[in-house]
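For the sequence shown, the numbering used here gives the first residue as 4, with consecutive numbering after it. This report concerns only the one structure given below.
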Amino acid sequence: MKRSVWRGLAVAVVAASSHAAAQNIVLILADDQGWTGSSVQMDDRVPGAVSDLYRTPNLERIAARGMTFSNAYSPAPNCSPTRMSIQTGKTAARLGATDIIDVVPNAEGVAGIQFFHDAMYVNKPMVVPLPVAHLADAEITIAEFLKVHDADYAAGHFGKWHMGGESPALHGYDAHSGLTTNAEGRAGAPDPKRSGAVTDEAIAFIREHAESGRPFFAQVSYYAVHTPVLAKGETIDAFKDMASTNHTNTAYAAMTAELDAGVGRILDALEALGLDEDTYVIYTSDNGGEADGYVTNNRPLRLGKTHVFEGGIRVPLFISGPGIRAGSRSHVPAIGYDLLPTIKDWVGATNALADDIDGGSLREVLANDGQGDVERGTEALIWYYGAYRNMKHVAPQAAIRRGDHKLVWELDAERAYLFDLSLDLGETTDLSRFRPAVANALFAELKSYLASVGTKLPTHNPNYDPAQDLGLGWWRNANPFGPAPPPATPR
4 MKRSVWRGLA
14 VAVVAASSHA
24 AAQNIVLILA
34 DDQGWTGSSV
44 QMDDRVPGAV
54 SDLYRTPNLE
64 RIAARGMTFS
74 NAYSPAPNCS
84 PTRMSIQTGK
94 TAARLGATDI
104 IDVVPNAEGV
114 AGIQFFHDAM
124 YVNKPMVVPL
134 PVAHLADAEI
144 TIAEFLKVHD
154 ADYAAGHFGK
164 WHMGGESPAL
174 HGYDAHSGLT
184 TNAEGRAGAP
194 DPKRSGAVTD
204 EAIAFIREHA
214 ESGRPFFAQV
224 SYYAVHTPVL
234 AKGETIDAFK
244 DMASTNHTNT
254 AYAAMTAELD
264 AGVGRILDAL
274 EALGLDEDTY
284 VIYTSDNGGE
294 ADGYVTNNRP
304 LRLGKTHVFE
314 GGIRVPLFIS
324 GPGIRAGSRS
334 HVPAIGYDLL
344 PTIKDWVGAT
354 NALADDIDGG
364 SLREVLANDG
374 QGDVERGTEA
384 LIWYYGAYRN
394 MKHVAPQAAI
404 RRGDHKLVWE
414 LDAERAYLFD
424 LSLDLGETTD
434 LSRFRPAVAN
444 ALFAELKSYL
454 ASVGTKLPTH
464 NPNYDPAQDL
474 GLGWWRNANP
484 FGPAPPPATP
494 R
């Protein structure tokens, strides 16, 4: 659908929309914050599901006011794919968002991160198709969907965009920070990760529309806690004498604390404006933590960012708002592409979602003390990451979760692993030879889904030359992260 037609629809339905059904929504998205990246106990059944160093009292506030999801996932193990998926309610695979947009060369042949293109897409064991370069104009975002429901909706996006295109305004956002990527998160003093500046923009937007009476959707996408690790000296000093054994990087703890302080200011602003009782607040992350040892780790989960193992995709998810019991918990699996369908139900929208939506609404689970099922367009949870990252020991991989069973497929190695997450949260034991019927069914379902959405899978490269592999050469000569993690048991 052309965007001009879409905007015409928004104007046409305004008379039929009900302001009484409208709700204010704030979606806060952290960058690279892992499942154990806060002081919230993510799973009350798992003693280690909390940091022993990071202090996030304001994330604790959201959890105390609403629901904590122990089985929440990002749609992808890195940035751009997850952000596109959240906006559209579709899997990253369906969108063709198989890696960050920075690896795609422009018309002049120059990529945003040239080294990543040259080292991860040229002369690899498999010929890997490039991801999409931007969120497609035809895709309907959360902001656009809300404006069709009620053309008076105000939508703002503040902080990191990283979805390319010409402008967030062309995706329905009235106010925004521009076509931002990671670069803006390296500001240096006095606001090292711009957590303060992003918060200021979001609060100004919230205040403006609280005063005007317009319903609003605000997405606040922080640059923290993505590397480089940056924080104010005084914040770092506050952690220097704290004892910890699992998480030990005090600068990272300080960066986390400054992110949390920004969240707290948003919560305070909602309270001061009298909006805290009728505003939904969602907090989650775009992928798991950067598990390169000196940065952080995701224990007890396996590995981290860019992996489809649990450490790369299981993330915090806290949701508070009307009808959600304070301090409640849910073990029902949830994923970032469930947010658009959930928001649709919250605001009482009668306009339909796209026919190819993969997500499902969490509303009934939120209203039913964490119990119930999520009816998704695609029943199983699906991940596909079609890229190499030598420095992280990653090659193209995919995963599927149905119930407690999860299958991970490594395309380069031509092997798959089956895990039972109810017994093996750390994904240490491959059960595929012991439960072959389950493994075969999940493998077939995963491949069928990828084929159905037109995923261009990598193919064997008969001309691959390891001696000329730039990524492999870089890894051999400059490995700041220590030895590789042990491989899984082959199927």
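Where is the CB? At the ideal position from N, CA and C, for every residue including glycine.
Using only CA atoms, which one of Gly-339, Arg-268, Ser-435, Val-107 lies nearest to Thr-91?
Gly-339
Can you check DSSP and say which residues form a bridge with Ser-501?
Nothing can be reported for residue 501, as the shown portion of the chain is limited to 4 through 494.
How far does the beta strand (DSSP E) with Ala-419 in it extend, from its first residue to its last?
418-423
In three-state terms, what does DSSP make of Gln-400?
strand
Within the continuous beta strand (DSSP E) that includes His-165, where are the two ends?
Run containing His-165: none; DSSP gives neither H nor E here.
DSSP on Glu-63, reduced to helix/strand/coil?
helix
Would Phe-161 be called buried (16 or more neighbouring beta carbons within 10 Å of its own) or exposed?
buried
Integer Cβ distance of Asp-534 from Asp-34, believed to fall under 8 Å
Since the displayed the chain opens at 4 and closes at 494, residue 534 lies outside it and no answer follows.
What does a CB cutoff of less than 6 Å around Val-135 pick up in its chain, not counting 5 residues either side in sequence?
Gly-99, Ala-100
Does the beta-carbon distance from Thr-299 to Gly-51 come in below 8 Å?
no
Can you name the start and end residues of the alpha helix (DSSP H) that Gly-212 belongs to?
Per the sequence shown, the amino acid found at residue 212 is His instead of Gly. That run of the alpha helix (DSSP H) goes 198-215.
So Leu-434 and Leu-421 are supposed to be a Cβ contact under 8 Å. How far apart are they, rounded?
5 Å
Mind listing, in chain order, the continuous alpha helix (DSSP H) runs of no fewer than 4 residues lying wholly within the stretch 340-399?
342-350, 366-370
C-alpha gap between Leu-410 and Gly-389, whole angstroms:
16 Å
Alpha carbon to alpha carbon, how far is Gly-315 from Ala-110?
32 Å
Per DSSP, cross-strand counterpart(s) of His-179:
His-160
Boundaries (first-last residue) of the beta strand (DSSP E) holding Met-70
70-72
Could you tell me if Arg-48 is buried or exposed, where buried requires 16 or more neighbouring beta carbons within 10 angstroms of its beta carbon?
exposed
Residue range of the beta strand (DSSP E) that Ile-31 falls in?
27-33
Excluding the five sequence neighbours on either side, which residues of its own chain have a C-beta within less than 7 Å of the C-beta of Phe-72, listed in chain order?
Leu-320, Ser-333, Ala-337
Where does Thr-431 land, buried or exposed, given buried means 16+ other C-beta within 10 angstroms?
exposed
Leaving out five residues before and five after Ala-241 in sequence, what residues of the same chain have Cβ atoms less than 8 Å from its Cβ?
Ala-257, Ala-260
For Asn-443, I'd like the list of residues in its chain whose CB is within less than 8 Å of its CB, leaving aside the five on either flank, ordered along the chain.
none
Taking the C-alpha atoms as reference points, what is the distance between Glu-417 and Ala-96?
19 Å
Span of the alpha helix (DSSP H) around Phe-219
Here Phe-219 belongs to no alpha helix (DSSP H); instead the beta strand (DSSP E) covers 219-224.
Between the stretch 360-368 and the stretch 379-386, are three or more C-beta pairs nearer than 8 Å?
yes
Using the beta-carbon count (16 or more within 10 Å), is Asp-341 buried or exposed?
buried
To the nearest angstrom, how far is it from the Cα of Thr-144 to the Cα of Leu-138?
9 Å
Please determine, among Ala-355, Asn-466, Gly-330, Asp-407, the residue with the shortest C-alpha to C-alpha distance to Leu-369.
Gly-330
With 16 other Cβ atoms within 10 Å as the buried cut-off, status of Thr-462:
exposed
Out of Gln-374, Gly-168, Tyr-226, Asn-371, which one is the CA nearest neighbour of Cys-82?
Tyr-226
Are the beta-carbon atoms of Gly-167 and Ile-206 separated by less than 8 Å?
no
3 or more residues per run - each beta strand (DSSP E) lying fully within the stretch 314-342:
320-323, 331-333
So Val-49 is in the alpha helix (DSSP H); what residue range does that whole segment cover?
Run containing Val-49: none; DSSP gives neither H nor E here.
Between Tyr-124 and Val-113, is the Cβ-Cβ spacing less than 8 Å?
no
Would Arg-3 and Asp-348 be called neighbours here (beta carbons separated by less than 8 Å)?
The question about residue 3 has no answer here: the residues shown for the chain are numbered 4 through 494.
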